[in-house]
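Asker: Here it is: the structure, laid out below.
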DNA sequence: TCAAATACATAAATTTCTTATGTATCTTTG
DNA sequence: CAAAGATACATAAGAAATTTATGTATTTGA
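Chains as they are written, first to last, in the numbering used here: chain A, 1 to 113; chain C, 1001 to 1113.
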């Protein structure tokens, strides 16, 4: 089962930041694979969604990049900047809080009028 | 604190369906107030987001409507159809599952390379 | 050798929400 | 009792984020 894509909306940036916080540096394709692996294929990040997100994080100064050559192929590594580390904490705790609120909302028992 | 709007994206439909499942019938404005109340103002659904969503649910046959007059003012009640009830179960359990996956993802401990 | 995987990127179209606007009624308060 | 705020619906332009499609090129495995 793969989650309907609407669920992923709005969480992608947080997921990427958190992975970078846990892994020091990662490149785009690696991120897609890691998420796939860690979620047992339930979350699949497409490249069309990921790359623009990474570019936006870079434009916002939340990540820095370094390019490496593996044979003839380019690999672009992303790492959190100091402000990126702070942002990650904010985003992760906001999402955790949000999920608690949602669990509460979804568990509300019938009030049969 | 109000959640950044991107977090709400993708969950609105599920929230509405779940509220209808718990309350038999509700009207639009009531839904906005109920969500605000149940989440202590942390989730505020705007009318510009809600009404199109309700109309979409109706177009998909997931809810039925009945109009009532309160004095001279119209009130449009929404109720789950049988397929809406099934859809609600699916959506809620998918979201619950998704949140478990996200909690796992967000709690991953550093693997320092 | 040929398909699949690796690895980047962009861009048009779509979806979904925000922000703004519009209409109208009802209630509360100075 | 007038005015402000709350109730109640609705739509539409614009913005934001993603999907889907496409493109390029290299490397690996059957």
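Glycine is no exception: its CB is placed at the ideal position from the N, C-alpha and C atoms. Just so you know, these numbers come straight off a predicted model, no measurement behind them.
I'd like to check one pair, residue 1067 of chain C with residue 1076 of chain C: are the Cβ atoms closer than 7 Å?
Answerer: By 1-based counting over the second chain, the position of residue 1076 of chain C is 76. By 1-based counting over the second chain, the position of residue 1067 of chain C is 67. Yes, the pair counts as a contact, with Cβ atoms nearer than the cut-off.
Asker: When the Cα atoms are used, what is the spatial distance from residue 20 of chain A to residue 80 of chain A?
Answerer: Residue numbering aside, residue 20 of chain A sits at position 20 when the first chain is read from its first letter. Residue numbering aside, residue 80 of chain A sits at position 80 when the first chain is read from its first letter. Those two C-alpha atoms are separated by around 6 Å.
Asker: Based on DSSP bridge pairs, tell me the residues matched to residue 37 of chain A.
Answerer: Against the first chain, residue 37 of chain A aligns to sequence position 37. For residue 37 of chain A, which the question treats as bridged, DSSP gives no partner whatsoever.
Asker: Beta-carbon of residue 1034 of chain C versus every beta-carbon of chain A: anything under 7 Å?
Answerer: Within the second chain, the letter at position 34 stands for residue 1034 of chain C. Output row for residue 1034 of chain C: interface = no.
Asker: Once DSSP output is grouped into helix, strand and coil, what is the label at residue 1001 of chain C?
Answerer: Working through the second chain from its first residue, we reach residue 1001 of chain C at position 1. Here residue 1001 of chain C sits in coil by DSSP.
Asker: Can you tell me whether DSSP reads residue 43 of chain A as helix, strand or coil?
Answerer: Translated into positions along the first chain, residue 43 of chain A becomes position 43. Correct three-state label for residue 43 of chain A: coil.
Asker: Check the Cβ of residue 3 of chain A against every Cβ in chain C and list those closer than 7 Å, keeping chain order.
Answerer: Residue mapping note: residue 3 of chain A aligns to position 3 of the first chain, counting from 1. By Cβ distance, chain C contributes 1094, 1098.
Asker: Is residue 106 of chain A helix, strand or coil when you go by DSSP?
Answerer: Within the first chain, numbered from 1, the residue matching residue 106 of chain A stands at position 106. Residue 106 of chain A falls in the helix class under three-state DSSP.
Asker: Report yes or no: do three or more beta-carbon pairs, one from the segment 40-50 of chain A and one from the segment 2-16 of chain A, lie closer than 8 Å?
Answerer: Enough Cβ pairs lie closer than 8 Å, so yes.
Asker: Just to confirm the assignment, what range does the beta strand (DSSP E) spanning residue 1064 of chain C have?
Answerer: Taking the first residue of the second chain as 1, we reach residue 1064 of chain C at position 64. 1063-1070 is the extent of the beta strand (DSSP E) around residue 1064 of chain C.
Asker: Give me, in chain order, the residues of the same chain whose beta-carbon lies closer than 8 Å to that of residue 95 of chain A; leave out the 5 immediate sequence neighbours on both sides.
Answerer: Here residue 95 of chain A is taken as the residue at index 95 of the first chain, counted from 1. So the qualifying residues of the chain are 11, 14.
Asker: Can you say whether residue 35 of chain A is buried or exposed, counting buried as having 16 or more other CB atoms within 10 angstroms of its CB?
Answerer: As a working note, residue 35 of chain A is residue 35 in the first chain. Buried, by the Cβ-count rule.
Asker: For the alpha helix (DSSP H) that residue 1013 of chain C lies in, which residues bound it at each end?
Answerer: For this step, residue 1013 of chain C is matched to residue 13 along the second chain. Per DSSP, the unbroken alpha helix (DSSP H) holding residue 1013 of chain C starts and ends at 1012-1023.
Asker: Does any residue of chain C have a CB that is nearer than 7 Å to the CB of residue 66 of chain A?
Answerer: By one-based count along the first chain, residue 66 of chain A stands at place 66. Taking Cβ atoms only, chain C never reaches closer than 7 Å to residue 66 of chain A, which makes this a no.
Asker: Determine the chain C residues that contact residue 6 of chain A at a beta-carbon separation under 7 Å, and present them in chain order.
Answerer: For the purposes of this step, residue 6 of chain A is identified with residue 6 of the first chain, where counting begins at 1. Residues of chain C whose Cβ lies closer than 7 Å to the Cβ of residue 6 of chain A are, in chain order, 1010.
Asker: Would you check if the distance between the CB atom of residue 1083 of chain C and the CB atom of residue 1061 of chain C is smaller than 7 Å?
Answerer: Translated into the one-based positions of the second chain, residue 1083 of chain C becomes position 83. Translated into the one-based positions of the second chain, residue 1061 of chain C becomes position 61. Taking 7 Å as the Cβ cut-off, residue 1083 of chain C and residue 1061 of chain C qualify as a contacting pair.
Asker: According to DSSP, what are the bridge partners of residue 26 of chain A?
Answerer: The residue labelled residue 26 of chain A in the question sits at position 26 within the first chain. According to DSSP, residue 26 of chain A bridges with A/78.
Asker: Quick check: is the beta carbon of residue 1089 of chain C nearer than 7 Å to any beta carbon in chain A?
Answerer: Within the second chain, the letter at position 89 stands for residue 1089 of chain C. No, because no Cβ of chain A sits closer than 7 Å to the Cβ of residue 1089 of chain C.
Asker: Between the alpha carbons of residue 22 of chain A and residue 1002 of chain C, how many angstroms are there, rounded?
Answerer: Here residue 22 of chain A corresponds to residue number 22 of the first chain, with the count starting at 1. Here residue 1002 of chain C corresponds to residue number 2 of the second chain, with the count starting at 1. If I take the Cα positions, the gap works out to 27 Å.
Asker: Residue 99 of chain A and residue 1099 of chain C - do their beta-carbons sit closer together than 7 Å?
Answerer: Within the second chain, numbered from 1, the residue matching residue 1099 of chain C stands at position 99. Within the first chain, numbered from 1, the residue matching residue 99 of chain A stands at position 99. Yes, these two residues count as a Cβ contact at 7 Å.
Asker: Is residue 85 of chain A close to chain C? Criterion is C-beta to C-beta, closer than 7 Å.
Answerer: In the first chain, counting from the first residue as 1, residue 85 of chain A sits at position 85. Answer no: the Cβ-Cβ gap between residue 85 of chain A and chain C never drops below 7 Å.
Asker: Ignore the nearest five residues each way along the sequence and tell me which others in residue 1008 of chain C's own chain have a CB closer than 7 Å to its CB.
Answerer: On the second chain, residue 1008 of chain C is found 8 positions in, with the first residue counted as 1. Excluding residues within five positions, the ones whose Cβ falls inside 7 Å are 1043.
Asker: Quick test of your reading: residue 17 of chain A and residue 91 of chain A, contact by CB under 8 Å. State the CB separation rounded to the nearest angstrom.
Answerer: Numbered from its first residue, the first chain carries residue 17 of chain A at position 17. Numbered from its first residue, the first chain carries residue 91 of chain A at position 91. At roughly 6 Å, the Cβ-Cβ gap stays under 8 Å, so residue 17 of chain A and residue 91 of chain A are in contact.
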